[in-house]
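J.: Numbering (our numbering), first residue to last: 26 to 383. Okay, handing you the structure first.
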Amino acid sequence: MAEFANVTEFVNAGYWLASTDDRLPAANIDATLFTHLFAGYAQLNSGTYQVTVDPSQLILIDQFSSTVKLSNPEVKTLLSIAADAAVFAAMAADPTNRDAFIKSSIAAARGGGFDGLDLQWLYPSSQDQMDNFKTLIHSWHQAVVDDATSLSLPQLLLVATVSNLPYLQSNIQYPADAINQKLDWVNLLSYDFYTPDSSRAATGPSSAFHNPKANALSANFGIRSWAQSLHNLPHKKIVFGIPFHGWAWKLFNSHQHTLFAKADGAATGEYIGPHGQIFYSDVQKFIEDNQAGVEDKDKSYLVAYAYYETTWITYESEYTIADKIALAKTDKVLGYFAFNIAADDASNTLANAAKSNW
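Take a look at the structure:
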């Protein structure tokens, strides 16, 4: 029934992961900085195709929504569902499996007091799988409509997290019409274009908004490609991602420390995680501890980077975020999401920069 449907005017969202609760407990989230918060992750059981939550995280997930709404009763919460692509593919290919997924996802959302669901199928890898994805979101949407009607409650939001581009290859395209009709929006993974694993021999602008060197590896190209995909998917279905983590490379030569400088894979050291990933808060510690050199806004790519000796880190600054959001707003997107909010510093520098510039 139409009166139970959600109308989303804009999205200033953030992801919180139960696995980072030790770094950012849900009770410490300033939910006033967000219109929507995603909690991750629920899983998809590979045998039953039901949505489940790891028992060790069940209390954290189930209490997330009620906890963050203490500081912002208006914030909408969504349960994010992640699994191996093959498990999603097997679920979507079979009507019985789809039904198990759909029913259990709605039950999990209602049980935890969530306002919606987020499907993280990364990624459907054939046109058959894309067709099954289309069938899934049609059935899922009908189920949440029926659920809202039977309970006389607001309809659950339905979101899918998708590739930065609306196709994986020219002949494997997302079903834009079904997305437009049946999902509230899609979250574009518009970051991690370059990492020390994918680009071992040279540094790169991991979350480039523009990319003069490789246009397709940029958030701007993703936003515009999705908007143009199939019958012009409305911009108001597009939410683009801003990473609160950076990536650290080991420079080949400490005196050559620009974008695309010669490198030798991931850097190691204090604050730097596996494969070179580093949280924004730790980037700030790295800069302060080492009095590192900083470019806080490269104008060509709209990324920041810092360097000291042979360690080179690309990341988002409050200045790159301000410019990215201003440019995305001119494209009339629905909004942005931050991944993940535990990577911000104690002052919520990045989240504040995002919200204040929306």
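Even glycine gets a Cβ: it sits at the ideal position worked out from N, Cα and C.
If I measure Cβ to Cβ from Tyr-148 and keep anything under 7 Å in the same chain, skipping five residues before and after, which residues do I get?
T.: Along the sequence shown, one-based indexing puts residue 148 at 123. For Tyr-148, where only same-chain residues beyond five positions count, the Cβ hits under 7 Å are Ala-110, Ser-188 and Leu-193.
J.: Tell me the rounded alpha-carbon separation between Gln-88 and Lys-94.
T.: Numbered from its first residue, the sequence shown carries residue 88 at position 63. Numbered from its first residue, the sequence shown carries residue 94 at position 69. Cα to Cα, the separation comes out at about 10 Å.
J.: Residue range of the alpha helix (DSSP H) that Trp-274 falls in?
T.: What you label residue 274 is simply residue 249 of the sequence shown in a count that begins at 1. Element bounds for Trp-274: not the alpha helix (DSSP H) but the beta strand (DSSP E), 270–276.
J.: Would you call Thr-32 buried or exposed, if buried means 16 or more other Cβ atoms sit within 10 Å of its Cβ?
T.: Position 7 of the sequence shown, counting from 1, holds the residue named residue 32. Note that residue 32 is Val in the sequence shown here, rather than Thr. Its Cβ having fewer than 16 others within 10 Å, Val-32 is exposed.
J.: Determine the DSSP secondary structure at Trp-41, reduced to helix, strand or coil.
T.: Position 16 of the sequence shown, counted from the first residue, corresponds to residue 41. Reduced to three states, the DSSP call for Trp-41 is strand.
J.: What's the gap between the Cα of Phe-362 and the Cα of Ala-52?
T.: The residue labelled residue 362 in the question sits at position 337 within the sequence shown. The residue labelled residue 52 in the question sits at position 27 within the sequence shown. Rounded to the nearest angstrom, the gap between the Cα atoms of Phe-362 and Ala-52 is 20 Å.
J.: Using the Cα positions of Tyr-219 and Gln-198, report the straight-line distance between them to the nearest angstrom.
T.: The sequence position of residue 219 within the sequence shown is 194, counting from 1. The sequence position of residue 198 within the sequence shown is 173, counting from 1. For Tyr-219 and Gln-198, the distance between alpha carbons rounds to 23 Å.
J.: Going by DSSP, name the residue or residues bridged to Lys-287.
T.: Walking along the sequence shown from the start, residue 287 turns up at place 262. Partner(s): Ala-227.
J.: From Asn-373 to Asn-315, what distance separates their C-alpha atoms?
T.: For the purposes of this step, residue 373 is identified with residue 348 of the sequence shown, where counting begins at 1. For the purposes of this step, residue 315 is identified with residue 290 of the sequence shown, where counting begins at 1. Their Cα atoms are separated by approximately 22 Å.
J.: Which partner residues does Asn-212 have in the DSSP bridge list?
T.: Mapped onto the sequence shown, residue 212 falls at position 187. Answer is Thr-186 and Val-264.
J.: Between the alpha carbons of Ser-81 and Gly-65, how many angstroms are there, rounded?
T.: Residue 81 sits at position 56 when you count from the first residue of the sequence shown. Residue 65 sits at position 40 when you count from the first residue of the sequence shown. Straight-line Cα distance between these residues: approximately 13 Å.
J.: Which complete alpha helix (DSSP H) runs does the stretch 95–119 hold, if anything under 4 residues is left out?
T.: 110–118
J.: How about Asp-323 and Tyr-333: are their beta carbons less than 8 Å apart?
T.: What you label residue 323 is simply residue 298 of the sequence shown in a count that begins at 1. What you label residue 333 is simply residue 308 of the sequence shown in a count that begins at 1. Taking 8 Å as the Cβ cut-off, Asp-323 and Tyr-333 do not qualify as a contacting pair.
J.: Please list the terminal residues of the continuous beta strand (DSSP E) segment that includes Trp-337.
T.: The sequence position of residue 337 within the sequence shown is 312, counting from 1. It spans 336–340 - the beta strand (DSSP E) in which Trp-337 sits, taken as one unbroken run.
J.: Along the chain, where does the beta strand (DSSP E) that runs through Phe-304 open and close?
T.: As a working mapping, residue 304 is identified with position 279 in the sequence shown. Unbroken beta strand (DSSP E) run through Phe-304: 302–304.
J.: Quick check: the Cα distance between Ser-224 and Gly-290, rounded to an integer number of angstroms?
T.: By 1-based counting over the sequence shown, the position of residue 224 is 199. By 1-based counting over the sequence shown, the position of residue 290 is 265. In a straight line, the C-alpha of Ser-224 is about 7 Å away from that of Gly-290.
J.: With DSSP run on the structure shown, which of helix, strand or coil describes Val-78?
T.: Numbered from its first residue, the sequence shown carries residue 78 at position 53. The answer is coil: DSSP assigns Val-78 none of H, G, I, E or B.
J.: Using beta-carbon positions only, say whether Thr-336 and Ala-273 come within less than 8 Å of one another.
T.: Residue 336 sits at position 311 when you count from the first residue of the sequence shown. Residue 273 sits at position 248 when you count from the first residue of the sequence shown. At the C-beta level, Thr-336 and Ala-273 come within 8 Å of one another.
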